[in-house]
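Colleague: The opening residue of the sequence shown carries number 33 in our numbering; numbering runs sequentially from there.
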Amino acid sequence: MKNNIIDNLILTAKNEYCKELEELSPAELHECLGRAMMGEITEKWAKAKKNHANSRRAYYFSAEFLMGRMMYNNLYAMGVLDQVKKLLADKGIDINVFEEIDDAALGNGGLGRLAACFLDSAATQDVPLDGYGIRYKYGLFKQSIEDGFQVERADDWQSFGDPWCIRRNEDTVIVKFADQVVKAVPYDMAVIGYGTDNINTLRLWEAEALNDFDFLQFNDSHYDAAVQDKNDAENITKVLYPNDNQYEGKVLRLKQQYFFCSASLQDIIKRYKAKYGNDYSNFANHCAIQLNDTHPVISIPELIRLLELDGLSFDAAFDIAQKTFAYTNHTVMSEALEKWDINLLTDVIPDVVEIIKNIDARLVADLTAKGLNVPVECECACAKADAKKEKEPVKTKLDGMRIIDGNLVHMARLAVYASSYTNGVAWIHTEILKDDVLKDWYAIYPERFQNKTNGVTQRRWLGLCNPQLSELISDKIGTKWVRNLDELSKLNDKIDEDLVKQFNAIKLEKKQELADYIAKHDGVQLDPNFIFDIQVKRLHEYKRQLLNAFSIMAIYFRLKEGKLPNFTPTAFIFGAKAAPGYARAKAIIKYINEIAKLVNNDPDVNDKLRVVFVANYNVSYAEKIMPAADISEQISTAGTEASGTGNMKFMINGAVTLGTFDGANVEIVQQAGEENNYIFGARVEEINELKNNYDPKAIYEANPEIKKVIDTLIDGRFTDGGNKTGEGSFAELRQSILEGASWHQPDHYFILRDLPDYIDAKLKANTDYKDRIAFGTKCLKNTANSGTFSSDRTILQYAKELWKLM
Ligand code: 26W
């Protein structure tokens with residue numbers, strides 16, 4: 033096998049580039065090796081496709097697939113990584129050259145990376161699951177840091193070639209908008225399972241014009257018009273929207289969603305009809321479709337529309353759609369819940385709007401029959417409410433559940449109503465959906481709600497990124513964990529001083545590797561003997577990077593004042609991209625960088641404290657970071673982070689969690705023990721109470737340390753690039769905490785409530801670290817009890833409990 037690949041590689045290099053191996057550029061080598069590997073799997077892939085056609089199967093619809101670098105992953109999945117590494121070395125080529133190939137970053141963060149982990153797990157666990165999405169020309173922007181500010185550049189990932197995708201012209205379909213008709217051209221990526229012959233498919237669509245070039249226009253000297261259609265079509269899949277948890281009601285975004293949903297459904301229907309003809313009675317048995325958040329929810333009316341076109345009645349089509357689809361919710365942030373303006377929808381896809389109206393009418397009939405067309409009960413039995421009621425039209429329970437509510441089409445409501453299941457992505461998140469975000473729906477359709485706690489693939493997030501720890505684990509318990517992460521629990525009995533020492537040695541090695549990379553990539557020197565305390569994730573106020581920053585300032589002041597004589601030297605490492613239009617998030621990046629500049633250059637503290645904000649945090653960077661953390665920062669306000677998946681990657685690699693009782697942290701601590709982690713801060717119930725009764729300004733006034741820390745935003749020591757101190761983006765950050773803003777209360781995310789607890793927890797961990805054996809034991813306990821956070825477990829639960837594939 034491995035020799036075939038190398039022979040194939042040499043041949044491809046000759047045929048494609050007329051070059052010997054050693055003459056190839058990294059991109060050329062990547063292209064040739066990728067093709068050689070594809071050549072190896074052709075038959076297996078074809079066979080797997082045939083198998084899938086004969087069984088019930090599932091499709092994962094997602095606007096994002098954050099695949100990361102594919103080369104190492106595919107070599108690993110094929111089981112030839114080490115051999116190919118050696119054979120390349122024999123030719124004088126270092127396999128690390130592929131680090132020059134950029135990630136395929138067709139996703140923003142958690143939701144997109146989860147989709148990628150699911151594909152990997154499904155392929156490995158022989159679950160017939162294929163992905164459908166968009167082949168964006170430009171993925172998530174590349175970030176650089178200039179003078180402490182985030183600067184964005186386009187991510188032209190295809191400039192490195194894409195040997196993994198095969199264009200399938202023969203499966204091109206047409207997608208129609210009111211003002212535009214385009215081709216959808218599929219590109220197929222093989223998703224290679226580990227330790228199995230199964231190969232699944234990720235099909236990504238690219239938009240193209242029906243006619244690239246209008247010759248008549250050109251002859252008339254209308255040069256721009258001649259290529260207008262081409263540009264308009266290609267714009268649809270030109271770029272990934274960089275928002276994470278912030279809805280943007282733009283026409284182009286709607287076109288992207290409808291484009292890939294319509295194309296994918298046409299594709300599925302074509303495949304179905306080839307087998308069953310025009311009889312749709314078996315459709316919902318033939319396949320299940322999982323909707324990854326609301327971005328693909330327009331699929332529901334689109335499937336109904338397509339079935340109606342083929343002669344089905346609305347009721348029959350609705351019934352099939354409802355059985356076929358299931359919906360996963362990934363966020364409780366109200367600003368992230370998609371609500372399309374019905375006029376905009378009508379301008380772009382009027383026929384689909386007609387179907388949505390019919391679905392809404394059906395909802396009204398259903399809920400009226402259930403007796404919900406009644407006034408909402410007043411929760412506060414006061415006269416004021418009664419008086420108010422008289423003036424306003426009476427609101428009914430049903431009004432608050434309408435899919436078409438005024439001018440807005442609520443995509444989450446559509447999803448819950450017209451699908452078979454709705455799931456959250458961690459235990460606490462599903463509870464919040466049931467008692468808060470979707471509580472009216474849960475009251476009526478309790479049987480539709482399920483929890484599916486997220487997971488991550490241990491092949492990328494342990495096997496590939498941490499070969500040293502992998503080897504230690506395999507030495508102790510064998511290699512079964514690669515396909516069954518529950519095996520890790522066998523480590524529990526083997527943890528002793530000797531094993532902890534070996535673990536600590538590996539951790540130090542991974543920290544040294546990361547330090548070397550950060551020095552090269554970001555120009556900051558770190559000592560691997562420092563504690564590595566790491567927060568990496570998208571930048572968002574609810575994730576509270578600002579809380580972390582404030583705690584560092586508090587520690588800085590205490591160190592300066594000699595109040596922390598026994599402080600264990602610590603490097604605080606951040607990585608995060610801010611949505612380009614999210615001013616406050618960008619201000620927080622600048623603030624962290626200002627802190628880094630202050631701390632790293634202050635000889636009073638810089639032998640104990642370092643701060644670094646690494647640029648362009650992405651999947652490949654994460655692979656270097658996860659194994660090197662001592663402390664994993666998971667500090668979102670309780671009730672805001674749906675699950676988190678970075679928390680799981682850190683845990684598997686043996687870091688302790690410093691976190692709130694939020695998202696999957698709750699389950700992490702349940703598995704690994706509260707005594708092996710550092711949990712702090714207000715819990716959901718307290719936060720809910722505080723929402724009516726919270727005075728951050730009082731905390732600020734009463735606590736001189738907090739006051740001093742918050743005032744670093746305006747006391748003149750830092751610059752935010754604004755004109756004058758006190759007027760720029762830092763002052764606005766401070767204002768948002770102390771005074772609030774028109775659209776939110778002061779300190780919306782309860783930073784000041786949690787700050788003292790947080791500092792205490794951080795310092796507790798800092799002290800505990802001194803006992804290297806005790807702390808290393810905690811880390812190893814986390815690894816040993818992380819089995820349940822494999823996406824293999826998650827995907828098997830989806831397959832059994834939602835898709836009924838097994
Ligand atoms: C329309 C704008 C928009 C874009 C992306 C809204 C919402 C999103 C995503 C749903 C945000 C997201 O990535 N959510 C994350 O999903 C992860 C996988 O389930 C969870 O682990 C994270 O907690 C959640 O924030």
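Where is the CB? At the ideal position from N, CA and C, for every residue including glycine.
Using three-state DSSP, classify Gln-702 as helix, strand or coil.
Modeller: Residue mapping note: residue 702 aligns to position 670 of the sequence shown, counting from 1. It is helical.
Colleague: Below 8 Å on the Cβ atoms is my guess for Val-159 versus Ile-827; work out the distance and round it to an integer in Å.
Modeller: Residue numbering aside, residue 159 sits at position 127 when the sequence shown is read from its first letter. Residue numbering aside, residue 827 sits at position 795 when the sequence shown is read from its first letter. With 8 Å as the limit, Val-159 and Ile-827 qualify as a contact, their Cβ atoms being about 6 Å apart.
Colleague: Would you say the beta carbon of Tyr-790 is closer than 8 Å to some non-hydrogen atom of ligand 1?
Modeller: By one-based count along the sequence shown, residue 790 stands at place 758. No - ligand 1 has no heavy atom lying nearer than 8 Å to the Cβ of Tyr-790.
Colleague: Residue range of the alpha helix (DSSP H) that Phe-292 falls in?
Modeller: As a working note, residue 292 is residue 260 in the sequence shown. Looking at the DSSP string, the run of the alpha helix (DSSP H) that includes Phe-292 is 283-308.
Colleague: When the Cα of Val-457 is compared with those of Asp-379, Gln-829, Ala-210, Lys-76, which residue comes out closest?
Modeller: To locate residue 457, count along the sequence shown from 1; it is residue 425. That would be Gln-829, whose Cα lies nearest to the Cα of Val-457.
Colleague: Under 9 Å, do Phe-97 and Gly-139 count as touching if we go by C-beta distance?
Modeller: Taking the first residue of the sequence shown as position 1, residue 97 is located at position 65. Taking the first residue of the sequence shown as position 1, residue 139 is located at position 107. Against a cut-off of 9 Å, the Cβ pair of Gly-139 and Phe-97 comes out as a contact.
Colleague: Decide if Val-283 is buried, meaning its Cβ has at least 16 other Cβ atoms within 10 Å, or exposed.
Modeller: In the sequence shown, counting from the first residue as 1, residue 283 sits at position 251. So Val-283 ends up on the exposed side.
Colleague: Among the candidates Thr-820, Thr-751, Asn-263, Ile-42, whose CA atom is the shortest distance from the CA of Trp-459?
Modeller: What you label residue 459 is simply residue 427 of the sequence shown in a count that begins at 1. The residue with the shortest Cα to Cα distance from Trp-459 is Thr-820.
Colleague: Under 8 Å: do the region 282-298 and the region 52-71 share three or more Cβ pairs, one atom per stretch?
Modeller: No contact exists between the region 282-298 and the region 52-71.
Colleague: So, does the region 597-607 touch the region 249-265, judging by three or more C-beta pairs under 8 Å?
Modeller: No: fewer than three Cβ pairs fall under 8 Å.
Colleague: Any contact of the region 76-94 with the region 316-336, i.e. 3+ C-beta pairs under 8 Å?
Modeller: The region 76-94, when compared against the region 316-336, does touch it at the 8 Å Cβ threshold.
Colleague: Quick one: give me the first and last residue of the beta strand (DSSP E) that Cys-50 is part of.
Modeller: For this step, residue 50 is matched to residue 18 along the sequence shown. Unbroken run through Cys-50: none, as it is neither H nor E.
Colleague: Does any heavy atom of ligand 1 sit closer than 8 Å to the C-beta of Gln-544?
Modeller: Position 512 of the sequence shown, counting from 1, holds the residue named residue 544. Checking every heavy atom of ligand 1 against the Cβ of Gln-544, none is found closer than 8 Å.
Colleague: So is Gln-702 buried or exposed if we call it buried at 16+ other beta carbons inside 10 Å?
Modeller: Counted from its first residue, the sequence shown places residue 702 at position 670. It is exposed - the Cβ of Gln-702 has fewer than 16 other Cβ atoms within 10 Å.
Colleague: With distances taken Cα to Cα, identify the nearest neighbour of Ser-176 among Gly-695, Glu-699, Lys-609, Phe-693.
Modeller: Mapped onto the sequence shown, residue 176 falls at position 144. Looking at the Cα atoms, Lys-609 is the closest of the given residues.
Colleague: For ligand 1, is there any heavy atom lying closer than 8 Å to the beta carbon of Asn-650?
Modeller: Here residue 650 refers to the residue found at position 618 when the sequence shown is read from its first residue. Checking every heavy atom of ligand 1 against the Cβ of Asn-650, none is found closer than 8 Å.
Colleague: Could you name the residues that DSSP lists as bridge partners for Phe-645?
Modeller: Numbered from 1 along the sequence shown, position 613 holds the residue referred to as residue 645. Per DSSP, Phe-606.
Colleague: Applying the 10 Å Cβ sphere with the 16-neighbour rule, what's the burial state of Leu-335?
Modeller: Along the sequence shown, one-based indexing puts residue 335 at 303. Leu-335 comes out buried.
Colleague: Just to confirm the assignment, what range does the beta strand (DSSP E) spanning Lys-169 have?
Modeller: On the sequence shown, position 137 is the one that residue 169 refers to. Lys-169 -> no beta strand (DSSP E), and no H or E assigned at all.
Colleague: Between the region 662-671 and the region 613-629, are three or more C-beta pairs nearer than 8 Å?
Modeller: Not touching, per the Cβ criterion.
Colleague: Would you check if there are 3 or more beta carbon pairs closer than 8 Å linking the region 772-791 to the region 465-480?
Modeller: Result no; under three Cβ-Cβ pairs closer than 8 Å.
Colleague: Pick helix, strand or coil for Gln-157, following the three-state DSSP scheme.
Modeller: Start at 1 with the first residue of the sequence shown, and residue 157 comes out as number 125. DSSP places Gln-157 in coil when its eight states are reduced to three.
Colleague: Could you tell me how far apart the beta carbons of Asn-498 and Lys-542 are, in whole angstroms, since I believe they sit closer than 8 Å?
Modeller: Reading the sequence shown from its first residue, position 466 is the one you call residue 498. Reading the sequence shown from its first residue, position 510 is the one you call residue 542. At roughly 7 Å, the Cβ-Cβ gap stays under 8 Å, so Asn-498 and Lys-542 are in contact.
Colleague: Counting pairs of Cβ atoms below 8 Å between the region 628-642 and the region 159-174, do you hit three or more?
Modeller: The region 628-642 is not in contact with the region 159-174.
Colleague: So, Gly-691 versus Ile-711, is the Cβ gap smaller than 9 Å?
Modeller: Counting from one through the sequence shown, the residue named residue 691 turns up at place 659. Counting from one through the sequence shown, the residue named residue 711 turns up at place 679. Yes, these two residues count as a Cβ contact at 9 Å.
Colleague: In whole angstroms, give me the CA-to-CA distance for Met-99 and Ala-137.
Modeller: Locating residue 99 in the sequence shown gives position 67, counting from the first residue. Locating residue 137 in the sequence shown gives position 105, counting from the first residue. In a straight line, the C-alpha of Met-99 is about 6 Å away from that of Ala-137.
Colleague: With DSSP collapsed to three states, give me the class of Pro-478.
Modeller: As a first step, residue 478 is located in the sequence shown; it is residue number 446 there, counting from the start. Helix.
Colleague: Please tell me whether, using a cut-off of 8 Å, the distance from the CB of His-327 to the nearest non-hydrogen atom of ligand 1 is below it.
Modeller: Taking the first residue of the sequence shown as 1, we reach residue 327 at position 295. Yes.
Colleague: For a test of your reading of the model: does the CB of Ala-674 fall under 8 Å from any non-hydrogen atom of ligand 1? Yes or no.
Modeller: Indexing the sequence shown from 1 puts residue 674 at position 642. At least one heavy atom of ligand 1 is nearer than 8 Å to the Cβ of Ala-674, so yes.
Colleague: Looking at the unbroken alpha helix (DSSP H) that takes in Trp-459, where does it start and where does it end?
Modeller: Numbered from 1 along the sequence shown, position 427 holds the residue referred to as residue 459. First-last of the alpha helix (DSSP H) with Trp-459: 459-464.
Colleague: Grab me the residues of Val-556's own chain with a C-beta within less than 8 Å of its C-beta, minus the 5 sequence neighbours each way, in chain order.
Modeller: As a first step, residue 556 must be located in the sequence shown, where it is residue number 524. Excluding residues within five positions, the ones whose Cβ falls inside 8 Å are Ile-550, Ala-628, Asn-632, Arg-642, Val-644.
Colleague: Restricting to Cα atoms, I'd like to know which of Ile-231, Lys-484, Lys-810 is closest to Glu-707.
Modeller: Along the sequence shown, read from residue 1 onward, the residue named residue 707 stands at position 675. Among Ile-231, Lys-484, Lys-810, the Cα nearest to that of Glu-707 belongs to Lys-810.
Colleague: Starting from Cys-811, trace the beta strand (DSSP E) in both directions and tell me its first and last residue.
Modeller: Position 779 of the sequence shown, counting from 1, holds the residue named residue 811. Where Cys-811 is concerned, there is no enclosing beta strand (DSSP E), although the alpha helix (DSSP H) it sits in stretches over 804-816.
Colleague: Quick check: does the Cβ of Thr-689 come within less than 8 Å of any heavy atom belonging to ligand 1?
Modeller: Along the sequence shown, one-based indexing puts residue 689 at 657. Checking every heavy atom of ligand 1 against the Cβ of Thr-689, none is found closer than 8 Å.
Colleague: For Asp-325, count neighbouring Cβ atoms within 10 angstroms of its own Cβ and tell me buried if that reaches 16, exposed if not.
Modeller: For the purposes of this step, residue 325 is taken as residue 293 along the sequence shown, with counting starting at 1. Classification of Asp-325: buried, given that the 10 Å Cβ count is 16 or more.
Colleague: When the Cα atoms are used, what is the spatial distance from Lys-81 to Ala-222?
Modeller: By 1-based counting over the sequence shown, the position of residue 81 is 49. By 1-based counting over the sequence shown, the position of residue 222 is 190. Going from the Cα of Lys-81 to the Cα of Ala-222 covers about 11 Å.
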